[in-house]
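Number of protein chains: 2
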Amino acid sequence: MENFADRLIATIRVKNSPVVVGLDPYFTLIPDSCKQKPLTLNKDNLAYAAYGILEFNRQVIDIIAPFVGIVKPQIAFYELYGYWGIWAYTETVKYAKQKELIVIGDIKRGDVPSTAEAYANAHIGEVQIDNVIESPFSTDAITVNPFLGTDSLLPFIQTAKKNHKGIFILVKTSNPLSGEFQDLLCGKRKLHEIIAEKIPVWGKELIGKQGYSAIGAVVGATFPQELSILRKIMPAAYFLIPGYGAQGATAKDMKCCFNPDGLGAIINASRSILYAYNLSPWKEKYGVSAWKEATREAIIKMNRELEEISGMT
Amino acid sequence: MENFADRLIATIRVKNSPVVVGLDPYFTLIPDSCKQKPLTLNKDNLAYAAYGILEFNRQVIDIIAPFVGIVKPQIAFYELYGYWGIWAYTETVKYAKQKELIVIGDIKRGDVPSTAEAYANAHIGEVQIDNVIESPFSTDAITVNPFLGTDSLLPFIQTAKKNHKGIFILVKTSNPLSGEFQDLLCGKRKLHEIIAEKIPVWGKELIGKQGYSAIGAVVGATFPQELSILRKIMPAAYFLIPGYGAQGATAKDMKCCFNPDGLGAIINASRSILYAYNLSPWKEKYGVSAWKEATREAIIKMNRELEEISGMT
């Protein structure tokens, strides 16, 4: 099996798109047409919600798969429906992989080493049960939180290395107050720069044939002034960039995330694609009954905007 | 419903114990006697593991409930078995609450505000599905990661306030390299001290009748020199202290976590209680067939050690 970064780049080239579609189900925004069948199954409420989410996700994946190669389910929106939600997460990952999409589990886990190992095995590794081996979630990559330090990240990095998976480590997040701790000056450098400087160290043994590492970084697009600095500190790291669309960042804000080869960044949008029917201009043009057309046009538009700025070769 | 800190203190007083038993299932260490019935149910492998874990947890809870009032399932060890594992987590929480134990979900979640809200609602809040309300996990408190800043914590704090639940925010973790980022000097103070100084601000609206806040802190017992400083910075915060037993900290190391009233700290042990049969002196005395006696003696011994140092009134 190939290095994760090489697989990622191959997918980006095939689809000619650095877009990641965030599969963040908001149950109230899911069209009723996806909820009809689950409702008749007459299961409990959490199961009904989970079936509705899964049905919506499958339809979204069918719409977007011709245009993008990467999806990112945010596990919080599945955990919200208990173990039934986690079932929907698992089945969503499975369906996306059947459609040959790369799946990044946005889980932001982080814990002491023995616990981190359990998370790593759950999401990108294996678990032994008596004499059998299972891969519970089997995502291609996950996001992780570095607050606990290098020893808490090594189980993730080692599991990624063993199984040809990827890790995106939080460096600078996209929320308005991310600077409160992440921008604190420790000596002459900000905390997030100190973490960024570790990324090449953590990632050096997982560099693929294209020169990029399977250990990437999460960098919010809402702080463009930081992006150029971080690009220089971590030249071989793939950036996973949230914040496009609903969180307010534009394509132009992201130009500096890309290396001169047009690679090095993947850009996530969630609500602005999934619920495009609820946003102008599609709201007026289509509305919820034609939500699929709205989603299709939104993803094509996003691809076009990013093509202009990435200059991918 | 009472403030979480008041409920916590009432439980500690009834049981005369500040101990938290960490329900961290290691499948290979679970006695075979707990796996027999699940095996005959002939479900898939992850379901078999989940049923075995739940059976073990129920028996552990029955043994420890006379001696301790608080349990802390670490969700990573359930996630390891996929959605079936999360089912076992849910059922474990339910059983512990039936036995009137306080349940702290050790989930260490942290994310941007809209996502943090989903996590908060999942674990200590509610979710609306069409016209019904569900509480998916319904734990009494959870642990959270502060790396993303105040805006990422507010959904947890607000949900805790609304539902009379508790939050333990990571301040200084127990792993060997926790100091790598948490001890960085930002001006004259360490990062974890800066976070600790926020705890009274975040917790001020959730102070109970006993003077403690429902917003507590996770502080590793493996760094006793830091504990006294942190105790002074956060006098009204309950400390959740991991590291006793398997991670190497002793009762004496924890004396400075307690306030003069003998309150202010709860001490977690996981492996040293659950798998006491596998440790000296119980390994030689009992072995796995009498694992329940080993666990019972281990919890009584831990209670006695902590009684000497907490000086609870």
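Protein chains in written order, with full-length UniProt numbering: chain A, 1 to 313; chain B, 1 to 313.
The beta-carbon is built from N, C-alpha and C at its ideal position, and this holds for glycine as well.
What you are looking at is a predicted structure, and each value in this text was computed from that prediction instead of being measured.
Would you mind telling me which residues of chain A sit closer than 7 Å to Thr90 of chain B, beta carbon to beta carbon, in chain order?
Those are Gly82, Tyr83, listed as they occur along chain A.
Quick check on the DSSP output: the alpha helix (DSSP H) that includes Ala120 of chain B runs from which residue to which?
Note, Ala120 of chain B: alpha helix (DSSP H), 113 to 124.
Measuring CB to CB, does Val171 of chain A end up less than 8 Å from Leu230 of chain A?
It is a contact, given that the beta carbons lie within the stated cut-off.
Exposed or buried, Met1 of chain B, counting other C-beta atoms within 10 Å across all chains shown (16 or more means buried)?
Looking at its Cβ environment, which holds fewer than 16 other Cβ atoms inside 10 Å, Met1 of chain B is exposed.
With 8 Å as the threshold, decide whether the Cβ of Asn175 of chain A is near any Cβ in chain B.
Yes, its Cβ sits closer than 8 Å to a Cβ of chain B.
Apart from the five residues just before and just after Leu148 of chain B, which ones in its own chain have a Cβ nearer than 7 Å to its Cβ?
Correct list, in chain order: Gly110, Asp111, Val112.
Roughly how many angstroms lie between the CA atoms of Glu65 of chain B and Asn163 of chain A, to the nearest whole one?
The identity of residue 65 of chain B in the sequence shown is Ala, whereas the question assumes Glu. Cα to Cα, Ala65 of chain B sits roughly 41 Å from Asn163 of chain A.
State the start and end residues of the unbroken beta strand (DSSP E) segment that holds Tyr238 of chain A.
Tyr238 of chain A -> beta strand (DSSP E) spans 237 to 241.
Below 8 Å between beta carbons is the criterion; list the residues of the segment 167 to 195 of chain B that meet it against any residue of chain A, in chain order.
Within the segment 167 to 195 of chain B, the residues whose Cβ lies closer than 8 Å to some Cβ of chain A are Leu170, Thr173, Ser174, Asn175, Pro176, Leu177, Ser178, Gly179, Glu180, Phe181, Gln182, Leu184, Leu185, Cys186, Gly187, Leu191, Ile194, Ile195, listed in chain order.
Relative to the alpha-carbon of Thr222 of chain A, which residue among A:Ile215, A:Pro242, A:Ala122, A:Ile133 has its alpha-carbon at the smallest distance?
When only C-alpha atoms are compared, the closest one is A:Pro242.
Whole angstroms is fine: what's the gap from Asn145 of chain A's alpha carbon to Ile102 of chain B's?
Those two C-alpha atoms are separated by around 28 Å.
Would you mind telling me which residues of chain A sit closer than 9 Å to Asp151 of chain B, beta carbon to beta carbon, in chain order?
Under the 9 Å cutoff, chain A gives Asn175, Pro176, Leu177, Ser178, Glu180.
Suppose you measure from the CA of Asn16 of chain B to the CA of Lys285 of chain B; what does that come to, to the nearest Å?
For Asn16 of chain B and Lys285 of chain B, the distance between alpha carbons rounds to 27 Å.
Skipping 5 residues on each side, what residues in its chain have a beta carbon closer than 6 Å to that of Ala88 of chain B?
For Ala88 of chain B, where only same-chain residues beyond five positions count, the Cβ hits under 6 Å are Ala50, Ile53, Leu54, Tyr78.
Could you name the residues of the same chain whose beta carbon sits closer than 7 Å to that of Lys99 of chain A, not counting the 5 residues immediately before and after it, in chain order?
Once the five neighbours on either side are set aside, the close Cβ partners of Lys99 of chain A are Ile61, Ala65.
Assuming the contact rule is C-beta atoms closer than 8 Å, Ile267 of chain A and Leu306 of chain A should be a hit. Round their C-beta distance to whole Å, please.
Contact flag correct, Cβ pair sits at about 6 Å.
If you run the structure through DSSP and keep just helix, strand and coil, what is Glu2 of chain B?
Coil, per DSSP.
Using a Cβ-Cβ cut-off of less than 7 Å, give me the residues of the segment 97 to 115 of chain A that come near chain B, in sequence order.
Per Cβ criterion, the list reads Lys108, Gly110, Asp111, Val112, Pro113, Thr115.
Can you tell me the Cα-Cα spacing of Asp253 of chain A and Asp44 of chain B, whole angstroms?
Approximately 48 Å between the Cα atoms of the pair.
Find out if the Cβ-Cβ distance for the pair Leu29 of chain A, Tyr81 of chain A is shorter than 8 Å.
Result no, Cβ atoms of Leu29 of chain A and Tyr81 of chain A do not sit closer than 8 Å.
Based on DSSP bridge pairs, tell me the residues matched to Cys186 of chain A.
Partner(s): A:Arg189.
With a CB to CB cut of under 6 Å and the five nearest residues on each side skipped, what residues in its chain are close to Thr11 of chain A?
Answer for Thr11 of chain A: Gly69, Ile102, listed in chain order.
I want to verify the contact list: residues of chain B whose CB lies under 9 Å from the CB of Pro136 of chain A, in sequence order.
Correct list: Leu46, Glu79, Leu80, Tyr81, Gly82, Tyr83, Trp84, Gly85.
Nearest-angstrom Cα distance between residue 316 of chain B and Phe156 of chain A?
Outside the shown range of chain B, which is 1 to 313, sits residue 316 of chain B, and nothing can be said about it.
Could you run through the segment 254 to 280 of chain B and flag, in chain order, every residue whose CB is less than 7 Å away from some CB of chain A?
Residues passing the 7 Å Cβ filter: none.
According to DSSP, what are the bridge partners of Asn268 of chain A?
Answer is A:Val20, bridged to Asn268 of chain A.
If you run the structure through DSSP and keep just helix, strand and coil, what is Ser213 of chain A?
Of the three classes helix, strand and coil, the one that applies to Ser213 of chain A here is strand, per DSSP.
Quick one: what does DSSP say Tyr95 of chain B is sitting in, helix, strand or coil?
Of the three classes helix, strand and coil, the one that applies to Tyr95 of chain B here is helix, per DSSP.
For Leu41 of chain B, does the count of other Cβ atoms within 10 angstroms reach 16, so buried, or fall short, so exposed?
Its Cβ having fewer than 16 others within 10 Å, Leu41 of chain B is exposed.
Quick test of your reading: Ile215 of chain B and Gly203 of chain B, contact by CB under 8 Å. State the CB separation rounded to the nearest angstrom.
Between Gly203 of chain B and Ile215 of chain B the Cβ distance is about 3 Å, and since that is below 8 Å, they are a contact.
Classify Ala47 of chain A as helix, strand or coil using the three-state DSSP reduction.
In this structure, Ala47 of chain A counts as helix in the three-state DSSP scheme.
Check Pro73 of chain A in the structure and name its three-state DSSP category.
Strand.
Should Phe181 of chain A and Ala141 of chain A be called a contact, given that it needs their Cβ atoms to be closer than 8 Å?
It is not a contact, given that the beta carbons lie outside the stated cut-off.
Using the beta-carbon of each residue, which ones in chain A are nearer than 9 Å to Ala49 of chain B?
Those are Val127, Ile129, Asp130, Glu134, listed as they occur along chain A.
Any beta carbon of chain A sitting closer than 8 Å to that of Gln59 of chain B?
Not one chain A Cβ lies under 8 Å of Gln59 of chain B.
Ends of the alpha helix (DSSP H) at Lys232 of chain A?
It spans 224 to 233 - the alpha helix (DSSP H) in which Lys232 of chain A sits, taken as one unbroken run.
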